[in-house]
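If you're matching them up, the sequences are chains A and B in order. For the first sequence, the residue numbers in the working numbering are 1 to 480. For the second sequence, the residue numbers in the working numbering are 1001 to 1480. Where a beta carbon is used, it is the ideal one built from N, C-alpha and C, also for glycine. Predicted model, so just to flag it, every value in this text is computed and none were measured.
2 protein chains.
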Amino acid sequence: MSEARNFHMPPEEFRKWGHSVVDWIADYQKRIETFPVLSRSNPGELRKRLPSKAPEHGEPFKSILEDIDRLILPGITHWQSPNFFAYFPANTSGPSILGELLSAGLGVQGMLWATSPACTELETHVLDWMADMVGLPDNFKSAGPGGGVIQDSASSAVLCALLAAREGATGFQTNEHGCDGKLVAYTSVHAHSSVEKAVKVAGLGRRQLRLIEADSAYAMRPDLLANQVQADRAAGLHPFFVSATLGTTSSSAFDPLPEISQVCRRENLWLHVDGAMFGPAAVCPEFRHLQRGVEAADSYAFNPHKWMFTNFDCDCFYVADRAVLIKTLSVLPEYLRNQATESGAVIDYRDWHIPLGRRFRALKLWFVIRHYGLEGLRYHIRRHVELAQVFARWVEESRDFEMTAPAPLNLVCFAHKAGNEFNRRLLERINQGGQMYITHCVLGGRYCLRFCVGQTHTEAEHVRRGWELIQQTAASLNRP
Amino acid sequence: MSEARNFHMPPEEFRKWGHSVVDWIADYQKRIETFPVLSRSNPGELRKRLPSKAPEHGEPFKSILEDIDRLILPGITHWQSPNFFAYFPANTSGPSILGELLSAGLGVQGMLWATSPACTELETHVLDWMADMVGLPDNFKSAGPGGGVIQDSASSAVLCALLAAREGATGFQTNEHGCDGKLVAYTSVHAHSSVEKAVKVAGLGRRQLRLIEADSAYAMRPDLLANQVQADRAAGLHPFFVSATLGTTSSSAFDPLPEISQVCRRENLWLHVDGAMFGPAAVCPEFRHLQRGVEAADSYAFNPHKWMFTNFDCDCFYVADRAVLIKTLSVLPEYLRNQATESGAVIDYRDWHIPLGRRFRALKLWFVIRHYGLEGLRYHIRRHVELAQVFARWVEESRDFEMTAPAPLNLVCFAHKAGNEFNRRLLERINQGGQMYITHCVLGGRYCLRFCVGQTHTEAEHVRRGWELIQQTAASLNRP
């Protein structure tokens, strides 16, 4: 059967349509500010417009592409718009998109070193680079007992950390016999929901997770942590794991690692550090003081897919002792045995996370680091922090708004003085307008607006227009 | 600062380099058979050639691209070569690569419906399509109590199934209080290693997983399953979960679902069905008899990223009762609250798997289905099965080789009659030659060669040349 009639897309067709999709993306980048940032789609709106059955016969690629504009774009919330200040960013960049494209084109599996040595070695190498780039200690690098791996998300990273800690604390007996009901984990009341999720997944039970109260800056109180550990020990329980956060999701609070790590060392607890959002900032030496104490961590995770121009998914996860992690997650069936693995000379990343298969994700990170250089990455991180600090100053100087948490980096939590209900309406009105997108959090019972500067193309003018829009919208709303 | 000096890749540069990367991939597709299928790289070879530090200054994209040929290609095992017959395939296609590209270009997060409604709705819709395409019962579709979601892998899918089953069996008390040491899970001795991994991750302990012996065709014996469940109950334990396989990794054995599901129903056990490799074959009505009984499953997973021209990661995971899964995995912090979620009218896929963030993976699946149509997908699945069956006939007719397991679809397990050591050397010699890549398994103590036909572009000539190469290589080896 000729190539033209066998349903596949031949290389020359791929070339043609590939150029079209690249063009579509380049054009999208240029016109992205013409769309409402938050999608105005209603529940079910897209589904109503899709045929109820898959097509029996193939369709021209041209029609498929046309449907992106017609059907998909109205249902997109534009995370790559420079007017996106919501959640934490998930920023990306040209070189990253092209790295992802190349990874898809190569289509290799990196589950074992042998299934594509370059996929494993580039990942190990780039994660060693990253350790140096953000000032991590050498014990997180592959030449020592530790090492790094790309996970899909910080949620998966904290789960793997928790599992390794669980096995380390029980001499790998939990893997063998199951949880014993005595293990206790600790994190801050302001930690990310993924810690609770991990504790439940790992079979510990939510009640075995202690949420330690925070200080007035929303950072975990190490004295209360120490007390709780003591109390749990006294009750015959087995404290084993602490997850501390560098830059909480609500307000970018920094848990005090030096004090927390002292407790961990004294009490023999695994210290996991979640720097999902903050991590990339440490490419700038002037922000490294915020991660002081990370050298005592047993594991550390941060997300280039949030704030380092690398598209999701790309979480960098480091462990100080890779042997524990590998022993925790390894299952070696016969069909995966191979000489390279048996030699012990290689890393098989399948033993470093939950899935078996894995994409060649290091490519996009490599592309980003080489395209920007450290210089370029620092430039943009600094720029975002600077813009957020300008925004914070405007809030501080305003009559109607006030800061509701410290803003050490690029996230500003603030509120209108007219109370929770007013702020709720304000947020809704702003987002409905489509010119920008911000989200909220609750701090000490107070409904706060979050303004996070981290989208790749956000410039001073976007932040200025954002602040003006917030003020104007507030002025147009009836006070309670 | 001007666009040209701010380190980013401007849209017009992205267009230019995007075209180059697309061209590189199109050319790679054309010349893929010129590379040794299995990489000849030695451990550390790539790392030695990479600079030890990340660059301070950005590099031209041209140099980055040149390094793909110079540094990366020698370390690639060519999963997309038509001479790749190893493991299970991870095949892909032009439309899928372009779907992944577009997903990276849009760069949206699908964690909540609200964070990009199209990302969630297209996924729900395409997974409903898929349910019909492969003949799954209506209760797996979103209009009823069930529904589908894209997971990264069948490993993650079986973990989520196990967790939902765990909570369903304990009234959500395990999430609250931790494992009680009584829960017991069951699978076949030939099941994928991901079941054991999931049991350990979920805190049950490996000893709480019963590996049920198989019949002579390597399929789980339902009578032994029933006996074991009875014995465990008698011992005061709590049987709750069975994972059955449609197409095992070693030999594509099919566990007898009708009998297994009877045991599950009688004993009130969650039945998970792992159809990772086989699943896509059910687009052809003539292969659906192999999944008879799947309508009784509580969850089902299969991988378009194996055998449906959709690049990794794309595992379709279905549950008959989504409420249990969602309640198991849901944690709703304030910063994720939004009107759409509170209305109950939408799906928030973050509660359907381990990570919080998620890519727009439905795009590539939508592209593949629309490009090929059901007709095209059926054509290629049938073609692969036909080619594998021809290969199996050659094995059967040969003097030196014999089949070592039934070959119901596209995987042929066979061995040279000269014994294990000979087959081991034969495999090594074949793979070293670079003309094709096959892997092995062990069945009943016998070292077997696995020949799996599933790469997108494998045609009759590749299979024929493969068989010739196997025969010639065997003839050239010294008999023991």
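- Distance between A118(A) and K306(A), taken at the CA atoms: about 25 angstroms.
- Closest by C-alpha distance to L269(A), out of L329(A), L162(A) and I212(A), is L162(A).
- Looking only at F317(A), F14(A), P355(A) and L332(A), the smallest Cα-Cα distance to Q109(A) is reached by P355(A).
- The region 273-332 of chain A is shown to contain whole alpha helix (DSSP H) runs of 4 or more residues at 304-307 and 322-329, in chain order.
- In the three-state DSSP reduction, C179(A) falls in the coil class, being neither helix nor strand.
- Contact check for A301(A) against C316(A) passes: the beta carbons are separated by less than 8 angstroms.
- By DSSP's assignment, Y1437(B) forms a beta bridge with F1084(B).
- In the DSSP assignment, S243(A) falls within the beta strand (DSSP E) that extends over H238 to T245.
- DSSP places Y1379(B) in the uninterrupted alpha helix (DSSP H) bounded by A1362 to E1397.
- C1452(B) has L1411(B) as its beta-bridge partners, per DSSP.
- Minimum Cα-Cα distance from N1175(B) among the listed residues A1164(B), K1182(B), A1185(B) and V1184(B) corresponds to A1164(B).
- Beta-carbon to beta-carbon, A1253(B) and A1214(B) are separated by about 7 angstroms, close enough to satisfy the 8 angstroms threshold.
- Residues of the region 171-185 of chain A that bring their beta carbon within less than 7 angstroms of a beta carbon in chain B comprise T174, N175, E176, H177, G178, C179 and G181, in sequence order.
- Remark: C-beta atoms of S1081(B) and Q1455(B) approach each other more closely than 8 angstroms.
- DSSP, reduced to helix, strand and coil, places E1045(B) within a helical segment of the structure shown.
- Note that the C-beta distance between L1426(B) and A1362(B) is not below 8 angstroms.
- Along the region 369-380 of chain A, going in chain order, the ones with a CB nearer than 9 angstroms to a CB of chain B are I369, R370, H371, Y372, G373, L374, E375, G376, L377, Y379 and H380.
- Taken through DSSP and simplified to helix, strand or coil, S1250(B) comes out as coil.
- A distance below 8 angstroms separates the beta carbons of L183(A) and Q208(A).
- Chain-order list of chain A residues neighbouring T1124(B): R47, by C-beta distance under 9 angstroms.
- Every unbroken stretch of the alpha helix (DSSP H) spanning 4 or more residues and falling wholly within the region 100-176 of chain A is given here in chain order: 117-133 and 154-169.
- A straight line joining the alpha-carbon of E1267(B) with that of V294(A) spans about 50 angstroms.
- Taking 9 angstroms as the upper bound on Cβ-Cβ separation, chain B lies near residues I68, L71, I72, L73, P74, G75, I76, T77, H78, W79, Q80, A86, Y87, A90, N91, T92, S93, G94, P95, S96, I97, L98 and G99 of the region 68-99 of chain A.
- When CB distances to chain A are screened at a threshold of 7 angstroms, the residues of the region 1145-1168 of chain B falling below it are D1152, S1153, S1155, S1156, L1159 and L1163, in chain order.
- Taking a beta-carbon distance threshold of 8 angstroms, K141(A) does not count as an interface residue toward chain B.
- Per DSSP, the unbroken alpha helix (DSSP H) holding E1013(B) starts and ends at P1011 to R1031.
- At a cut-off of 8 angstroms, the C-beta of A1362(B) has no neighbouring C-beta in chain A.
- Identification of chain A residues near S1188(B) by a Cβ-Cβ cut-off of 8 angstroms yields none; the smallest Cβ-Cβ distance measures about 12 angstroms.
- With 16 or more neighbouring CB atoms inside 10 Å of its own CB, P36(A) falls in the buried class.
- Proximity of M133(A) to chain B, defined by a Cβ-Cβ separation below 8 angstroms, is satisfied.
- Distances from the alpha-carbon of K53(A) to those of K1141(B), S1398(B), G1044(B) and I1032(B) put K1141(B) closest.
- Contact annotation for E1121(B) against chain A: S41, P43, G44, E45, L46, R47, L50 and G75 [CB-CB distance below 9 angstroms, chain order].
- S1052(B) is bridged by DSSP to nothing; it lacks a bridge partner.
- By the neighbour-count definition (other C-beta atoms within 10 Å, threshold 16), G1203(B) is a buried residue.
- For Y1218(B), the secondary structure class from DSSP, reduced to helix, strand or coil, is coil.
- Going by C-alpha positions, L98(A) is about 24 angstroms away from W113(A).
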